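Data first, discussion second: the structure below is written as structure tokens.
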Amino acid sequence: MSRVFSRAAFFFVFVGLFLLIPPFTSQAIDFLSNNVFIFLGFFLYMIGTVLTAISVIKKERGVMNFVNIIGVLIGIGFIGILTMSTGS
1293 MSRVFSRAAF
1303 FFVFVGLFLL
1313 IPPFTSQAID
1323 FLSNNVFIFL
1333 GFFLYMIGTV
1343 LTAISVIKKE
1353 RGVMNFVNII
1363 GVLIGIGFIG
1373 ILTMSTGS
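Using the numbering used here, the first residue of the sequence shown is number 1293, and each one after it goes up by one.
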């Protein structure tokens, strides 16, 4: 099997996390702190999450599938921590 979904999910999950996390750190880069990048990062992360689910359903085996699942869990943890810190 060519593992197309796992490779695409890897790209989308980690590029989405790269764009999503920096605005909320203490060393925020001004260029990446724009709201457009936050929404773009979240959108790419969600596409990666869906592709990860598809790769699990299609039973694509390999290390990259587990790395994608770990990336999805990191994103869920980040969103949970962000929600708890804002008090919503």
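Every residue gets a Cβ at the ideal spot worked out from N, C-alpha and C, and that includes glycine.
Just so we're clear, the structure is a prediction, and the values are computed from it rather than from any experiment.
Who are the Cβ neighbours of residue i in its own chain at under 7 angstroms, not counting the five residues just before and after it?
| i | result |
| --- | --- |
| Val1313 | The question names Val, yet the displayed sequence has Ile at residue 1313. So the qualifying residues of the chain are Phe1370. |
Count the other CB atoms within 10 Å of the CB of residue i; is the residue buried (16 or more) or exposed (fewer)?
| i | result |
| --- | --- |
| Phe1358 | exposed |
| Gly1367 | buried |
| Gly1354 | exposed |
| Val1296 | exposed |
| Val1328 | exposed |
Please name the residue in the options whose C-alpha comes closest to that of residue i.
| i | options | result |
| --- | --- | --- |
| Val1348 | Leu1374, Leu1309, Val1364, Phe1334 | Val1364 |
| Phe1310 | Phe1297, Phe1335, Ser1298, Arg1295 | Phe1335 |
| Phe1303 | Ile1330, Glu1352, Met1338 | Met1338 |
Please go through the same chain and pick out, in chain order, the residues whose beta-carbon is closer than 6 angstroms to the beta-carbon of residue i, but skip the five residues on each side of it.
| i | result |
| --- | --- |
| Thr1344 | Ala1301, Asn1360, Val1364 |
Between residue i and residue j, which are expected to be in contact by the criterion C-beta below 8 angstroms, what is the C-beta distance as a whole number of angstroms?
| i | j | result |
| --- | --- | --- |
| Gly1340 | Gly1372 | About 18 angstroms separates the two Cβ atoms, so there is no contact after all. |
Quick check on residue i - is its C-beta less than 8 angstroms from some C-beta in chain D?
| i | result |
| --- | --- |
| Ile1373 | Absence of chain D from the displayed structure is noted, only one protein chain being present. |
Closer than 8 angstroms by C-beta to residue i: which residues in its own chain qualify, once you throw out the five before and the five after it? Chain order, please.
| i | result |
| --- | --- |
| Glu1352 | Met1293, Arg1295, Phe1297, Ser1298 |
Along the chain, which unbroken stretches of the beta strand (DSSP E) at least 3 residues long are found entirely within the stretch 1296 to 1369?
The stretch 1296 to 1369 is shown to contain no whole beta strand (DSSP E) run of 3 or more residues.
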